[in-house]
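Chains as they are written, first to last, in the working numbering: chain A, 26 to 441; chain B, 2 to 260.
Don't be surprised by glycine CBs; every beta carbon is placed ideally from N, CA and C.
First up is the structure itself, then whatever we jot down about it.
Dropping the structure here:
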């Protein structure tokens, strides 16, 4: 119905409604649907993607397709008991290098018992994730080996599509604080490339434990302290904290430290060079009135190679270089000491429901770069997205070595 | 005829004036009473369905489960908000505890700290005009009484109050609110920025008996900059329930599973 007609009718029927804007809105509200959505225990989506990658060294371009199914179940069983399952299946054509066409990721499968409001116990595979930074999370101690299927370099995707660790976890809460303790046993020796393997060897190849303590010290400050240790490794300390900067800004800092071998010694099994090592991610986010959130993050890792050692490795034997890179990728660690990241998220960008995401990561040792852009449009039960990425830098640099130079991907996700 | 002594008359008059002053509630009292109409005095859960319109067309809808309690010390509401729909957002959580605002996504177990600006820009920000104790964050002054059109095409005789922000927690610089003189039910409110710009107009309507009192089960919000942007908020499934203090923190978000 035309707006002016609604106004005329409203004023004729209710003369006190001389101010027409409000009566128009109230008429709309009168006709609004009355259904109320009910909460569901499960949700799943299917995602289809196709794209193209341009390879370095004159290897041309490749088309690729992917179909993914992602399911999450969170079901209350009896009073205090709950079952959680999260699983993802990726079908890729062609198969990713060294992997099969199908890759199943059993992200979580655990039972939870909450005998009281403030106490709980979990047993099974749990994605226990810690940290407040965007691109690099040094206090996310259980991240090593967790990524089984890499579908995007987007940090949000890396955090979503990963394996949890098998553990027994207990948590106690009080007003403004919490203490969490977990033990994670060794279940297998090494990771599996089998398509439907639960892949306990990727996440549970050594015995580990973790303690996390949070205590709110003011309305604005809620620091979290962590202790992490395990078989064959010295105890590491972790810390993360956020604070507001005015009405629109958030500053964050995340740190881990402890006596540890260098990444070089661990990756290439060299002589023990244990010393105190620090890892840090810090930065700030700012949100504008137009729903644009910008995040700037500085990352530091004193266990990684310094500039000179990195240059030497790049120009040295390729086997050692490859071994080091594979270790850092598996561990989700920085290969060099310092990096910068800029992240942007613009909701309702230009038009309603359109979301623009951007990321630029810059290695401060070799000045190589990774840029990633995504435009995502939300429909009622589906998303349409277009992603583009480019990795640039000199030969042997962090981003200049990846065989894939440029890539784009279009995808459709349907929620059920 | 015996005359009344003058001092006794003066005393009587003073007493009557004092009683009258006591009987007339202040603007702040009226505001507090209207807060109590909107907000149950005990911890509660409620389902909030939001339907959004632009230029007369429905452009979106979402459903939120809200679990809320007033803080014993400050009196301010602290809430857990769980997204029920759309499917894309189902299971995501927001924690509102003063300046401690967190967004939690169960898919990646990530808790992200939000700034007050992000709170105001999100869909759930409209909760600001519903579950908030205005009397705590605003100083009310009486702007007289007047007849105003309500959200159901009727006319209500109302106190008009002008509210000025007095704490950093206040989301708006100032507010005009119309409160029924008989029932102390809020009827309509206008929310303003410091610049004097109208940010949103809210109509509180469809009063029904919920958790022991007549409460508005629908709020219609009209954007101040774009009057063609209308959000209808419906409240259903009110229930008195425990919301322990220990739940209202970041570490609890991963295990929040309402009955």
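- prompt: Run through DSSP, which three-state label would residue 124 (chain A) get?
  reply: coil
message: Could you compute how far the alpha carbon of residue 64 (chain A) sits from the alpha carbon of residue 174 (chain A)?
response: 30 angstroms
- prompt: Any heavy atom of the ligand COA closer than 8 angstroms to the Cβ of residue 359 (chain A)?
  reply: Questions concerning the ligand COA fall outside what the structure shown contains, since it holds no ligand whatsoever.
field: residue 194 (chain A) versus residue 136 (chain A): straight-line alpha-carbon distance, rounded
entry: 10 angstroms
message: Three or more C-beta pairs under 8 angstroms: does that hold for the segment 301-318 of chain A against the segment 273-290 of chain A?
response: yes
message: Comparing C-alpha positions only, which one of A:417, A:434 and A:436 sits nearest to residue 428 (chain A)?
response: A:417
field: Bridge partner(s) assigned by DSSP for residue 52 (chain B)
entry: B:62 and B:233, per the DSSP bridge assignment.
field: Range of the contiguous beta strand (DSSP E) that encloses residue 143 (chain B)
entry: 139-150
query: Which first and last residues belong to the alpha helix (DSSP H) in which residue 351 (chain A) is found?
result: 343-356
field: Residue environment, residue 226 (chain B), which counts as buried when at least 16 other CB atoms sit within 10 Å
entry: exposed
message: At the level of alpha carbons, what is the spacing between residue 332 (chain A) and residue 342 (chain A)?
response: 17 angstroms
task: Starting from the beta carbon of residue 354 (chain A), find every residue of chain B whose beta carbon is closer than 7 angstroms, and list them in chain order.
output: Going along chain B, no residue has its Cβ under 7 angstroms from residue 354 (chain A), so there is no contact; the nearest lies around 19 angstroms.
message: How far does the alpha helix (DSSP H) with residue 30 (chain B) in it extend, from its first residue to its last?
response: 28-39
- request: Check whether the Cβ atoms of residue 363 (chain A) and residue 323 (chain A) sit closer than 9 angstroms, and answer yes or no.
  value: With respect to the 9 angstroms criterion, residue 363 (chain A) and residue 323 (chain A) are classified as neighbours on the basis of their beta carbons.
task: Report the rounded CA-to-CA distance for residue 325 (chain A) versus residue 209 (chain B), giving the unit in angstroms.
output: 58 angstroms
task: Note the first and the last residue of the continuous beta strand (DSSP E) segment covering residue 228 (chain A).
output: Looking at the DSSP string, residue 228 (chain A) is not in any beta strand (DSSP E); the run it does join, the alpha helix (DSSP H), is 225-228.
task: Work out the CA separation of residue 421 (chain A) and residue 346 (chain A) for me, nearest whole Å.
output: Each residue's alpha carbon lies about 9 angstroms from the other.
message: Cutting at 6 angstroms between CB atoms, please list the residues of its own chain near residue 92 (chain A), excluding the five before and the five after it.
response: 73 and 116
- prompt: Can you give the Cα-Cα distance for residue 41 (chain A) and residue 148 (chain B), rounded to whole angstroms?
  reply: Caution applies to residue 41 (chain A), whose pLDDT of 47 falls short of 50 and renders its modelled position unreliable; the value that the coordinates give is listed next. About 10 angstroms.
- prompt: Grouping DSSP H, G and I as helix and E and B as strand, with all else coil, what is residue 198 (chain B)?
  reply: coil
query: Name the DSSP beta bridge partners of residue 217 (chain B), please?
result: Within the DSSP secondary-structure output, residue 217 (chain B) pairs in a beta bridge with B:208.
- prompt: By the 10 Å Cβ neighbour count, where 16 or more other Cβ atoms means buried, how is residue 219 (chain A) classified, buried or exposed?
  reply: An exposed status is given to residue 219 (chain A), since fewer than 16 other beta-carbon atoms sit within 10 Å of its beta-carbon.
- request: Starting from the C-beta of residue 158 (chain B), find all residues in its chain whose C-beta is less than 6 angstroms away, skip the five residues before and the five after it, and write them out in chain order.
  value: 148 and 182
message: Restricting to runs no shorter than 4 residues, where is the alpha helix (DSSP H) found entirely within the segment 199-264 of chain A?
response: 225-228
field: residue 221 (chain A) versus residue 65 (chain B): straight-line alpha-carbon distance, rounded
entry: 36 angstroms
- request: Could you list which residues in chain B have their beta carbon closer than 8 angstroms to that of residue 241 (chain A), in chain order?
  value: 101 and 250
message: Between residue 37 (chain A) and chain B, is the shortest Cβ-Cβ distance under 9 angstroms, so that the two count as touching?
response: Summary for residue 37 (chain A): the model assigns pLDDT 49, below 50, so the residue's position carries little reliability, and this model does not support an answer.
- prompt: Within the 9 angstroms Cβ cut-off, does residue 163 (chain A) reach chain B?
  reply: Not an interface residue.
message: Would residue 275 (chain A) pass as an interface residue toward chain B - the criterion being a Cβ-Cβ separation below 9 angstroms?
response: yes
query: According to DSSP, what are the bridge partners of residue 183 (chain B)?
result: DSSP output for residue 183 (chain B) lists no bridge partner at all.
task: Leaving out five residues on either side along the sequence, give the residues of the same chain with a beta carbon under 8 angstroms from the beta carbon of residue 86 (chain A).
output: 77, 78, 79 and 80
query: Between which two residues does the alpha helix (DSSP H) carrying residue 185 (chain A) extend?
result: Run containing residue 185 (chain A): 180-185, per the alpha helix (DSSP H) assignment.
field: Cα-Cα separation, residue 249 (chain B) to residue 102 (chain B)
entry: 10 angstroms
Separation of residue 99 (chain B) from residue 240 (chain A), as counted between CA atoms: 16 angstroms
- prompt: Within 9 angstroms (strictly less), CB to CB, does residue 217 (chain B) reach chain A?
  reply: Look at residue 217 (chain B): its C-beta is not under 9 angstroms from any C-beta on chain A.
Proximity of residue 113 (chain B) and residue 53 (chain A) at Cβ, strictly below 9 angstroms: no
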